[in-house]
Structure formats: C-alpha cells, structure tokens
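This report concerns only the one structure given below.
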Amino acid sequence: MSNSKSKGGIRLGLAWLVLFLAILLPFWFMAAGLGYKYGLWDLGTALSTMTVNWGPKLAMGIGGAGIVLTVLGLIKAPRVKIVILSLAAILIAGLVLGRMQGFRMNAQSVPPIHDIQTDWSDPIQFSDEMMELREGANPVLDAPTFGSGDNERLVSEAQAEAYPEIRSLILRAPADVTYSAAYSTLDEMGMEIVTANEEAGVLEATYTSTWYGFKDDVAVRIRPQGEGSQVDVRSVSRVGRSDLGANAARISAILESLSSKLDVADMPS
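In our numbering, the protein residues as written are 238 to 506.
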C-alpha cells in the first residue's frame with residue numbers, strides 16, 4: 238500500500254498518458270496536412286474533419302482529463318508529480334486551442350477571397366504554361382466576385398478595403414534591373430520559377446506551403462515607367478475559398494523586398 242501510494246498508482250499512470258497524448262496533439266494537425274499533401278486523404282478530411290472538427294475536441298478532451306487529474310492529485314498524496322504532469326498537459330492543450338482560436342479570428346477578419354493583385358484596372362494575365370499547371374484549380378478572372386445574390390461583391394472592392402497597401406510599386410531603377418531583383422526575390426522566398434520572360438517583363442512562380450502542400454501562383458509584371466519601372470504583382474491560390482490573407486502578405490513581402498533592394502520613386506494614388 239505504502240509503495241503504491243509513494244508511486245502515485247493509477248493516477249500517476251493516467252497523468253503520464255494524458256501528457257503523452259497532449260504531446261501528440263501538434264502531430265495530429267501535422268498529419269492532417271501531410272496526409273493531404275501526399276494524397277492519403279482529400280482536403281475535406283484534412284481540413285474540415287481532422288483539423289476543424291476533431292482537432293478542438295481532442296484538445297478539449299485532453300485538457301479536461303488534465304483538469305480532473307490535477308484535482309485528484311491535489312486531494313490525495315502523492316501530489317507533486319501528478320499535478321505537474323497534468324498541468325503540463327493542460328498547458329499544451331490550451332496552447333493548441335489558443336492557436337486554433339487565432340486562426341478562426343484571422344479567418345473572420347479578412348474577406349473570403351483568394352486572388353490578390355496590385356492593379357485590377359489592368360489585370361495581370363497568366364501564361365498558357367501556368368494555366369496548364371492550374372488545370373482544375375480556382376479560375377483566374379479579370380473581375381472575379383464572391384458571395385451570391387445581394388451579397389455578391391467584386392474581389393477588387395473587398396481587397397481595397399482589407400488591403401489598401403496592395404498597389405503598384407514605382408521604382409527609380411530601369412526595368413531590366415528591377416526584373417533581376419524580382420527574380421532573385423522570388424527565388425529567395427522559396428518559390429519555384431515557372432516562366433521567366435525578360436523581354437515581356439513577366440515572371441511567374443509557384444509557392445508551395447510546407448504542411449498541406451497548397452500551391453499559390455504568382456506573377457510579377459515589370460514595365461518601364463519613365464527612366465524607372467513599375468512593378469505589379471498577382472498571387473492566386475489554386476484551391477480554397479479564403480486564403481486567410483496569405484496572398485496579400487506574399488505580395489507585400491515581394492514589394493517590400495524590392496523596395497529594400499532598389500530606390501522607390503513614388504506610389505501612385
């Protein structure tokens with residue numbers, strides 16, 4: 238009896254089990270994404286079922302078990318190890334739930350769009366080669382809309398409200414210098430260059446996300462502007478309704494990189 242009491246008995250074993258399950262929680266979400274990336278299941282299973290549906294339930298279940306074991310550890314000796322293990326499990330589960338809540342809040346704070354570009358008055362057109370790679374993906378339109386009925390809106394209008402900083406960049410550098418800087422920027426950002434047409438001043442590349450393998454296609458257009466050059470960028474997701482702000486962030490990163498490498502002349506109003 239005293240030996241069992243000193244070791245914590247079944248309570249200690251359960252505390253270790255709950256902590257082990259808590260440690261596995263992040264790997265559950267990683268497995269959801271990687272399983273989709275490598276074709277083990279479809280996007281609905283990975284995102285809707287495993288991540289959005291089961292994920293929070295698993296985290297809450299583990300957190301709840303941790304709370305129960307913490308209480309049991311406090312009311313009966315031995316206490317310290319059981320309480321520490323249980324609190325660690327609660328902490329991990331809480332961090333997972335907090336992270337998921339952050340994703341939900343982010344999704345609610347941005348419009349449900351997945352096509353972003355700097356100049357909707359003169360849309361960048363993807364090449365035939367890029368469009369072949371996008372076969373079966375989200376369409377690339379000159380004036381896309383989202384919503385339906387009375388709630389239908391132009392993507393360009395929603396983008397202007399949500400991301401007013403996304404606009405053409407005017408640089409003092411000539412087009413050929415800007416083109417070289419843009420090429421190196423896309424390469425530095427880990428994108429796969431698809432086409433590089435310096436004569437037309439257009440670069441196309443694809444970004445692939447780490448876990449889910451989501452592919453977003455990017456086009457950079459450089460045109461002479463007086464003695465300098467004008468840069469426009471378009472970034473479009475292949476799948477999904479909302480990009481959670483990823484395409485706007487990518488375009489901002491490209492423009493910021495070019496601004497740091499070359500002198501900015503002006504930003505058109």
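Glycine included, every Cβ here is placed at the ideal spot set by N, Cα and C.
Asked	Found
Counting along the chain, where does the beta strand (DSSP E) carrying residue 441 start and finish?	439 to 445
Less than 7 angstroms separating the beta-carbons of residue 488 and residue 472?	yes
Along the chain, where does the alpha helix (DSSP H) that runs through residue 336 open and close?	317 to 346
Whole-angstrom Cβ separation of residue 500 and residue 409, contact assumed at under 8 angstroms?	4 angstroms
Does DSSP put residue 366 in a helix, in a strand, or in coil?	helix
Label residue 251 either buried or exposed according to how many other C-beta atoms from any shown protein chain fall within 10 Å of its C-beta, with 16 as the threshold for buried.	buried
Alpha carbons only, please: which of 335, 342, 262 is nearest the one belonging to residue 482?	342
Would you grab the beta carbon distance between residue 495 and residue 382 for me? Rounded to a whole angstrom, and I think it's under 8 angstroms.	Their Cβ separation, rounded to whole angstroms, is 30 angstroms, which puts residue 495 and residue 382 out of contact at 8 angstroms.
State yes or no: is the C-beta of residue 333 within less than 7 angstroms of the C-beta of residue 262?	yes
Tell me the DSSP secondary structure of residue 464 in three-state form.	coil
Nearest by alpha-carbon distance to residue 259: which of 326, 281, 315 is it?	326
Rounded to whole angstroms, what is the Cα-Cα separation between residue 422 and residue 379?	26 angstroms
Are the CB atoms of residue 351 and residue 480 within a distance shorter than 7 angstroms?	yes
Run through DSSP, which three-state label would residue 470 get?	strand
What are the boundary residues of the alpha helix (DSSP H) that residue 422 is part of?	412 to 425
Do you know offhand how far residue 412's Cα is from residue 461's?	5 angstroms
Tell me which residue opens and which closes the alpha helix (DSSP H) that residue 307 is part of.	292 to 312
Tell me where the beta strand (DSSP E) around residue 434 begins and ends.	429 to 434
Is the separation between the beta-carbon of residue 269 and that of residue 283 shorter than 7 angstroms?	yes
Suppose contacts are defined by Cβ-Cβ distances below 7 angstroms. Is residue 430 in contact with residue 418 by that definition?	no
By a C-beta neighbour count over all protein chains shown, 10 Å radius and 16 as the cutoff for buried, is residue 506 buried or exposed?	At residue 506 the pLDDT is 45, less than 50, meaning the model places this residue with poor confidence; the figure from the coordinates comes in the next sentence. Label assigned to residue 506: exposed.
State the start and end residues of the unbroken alpha helix (DSSP H) segment that holds residue 262.	246 to 274
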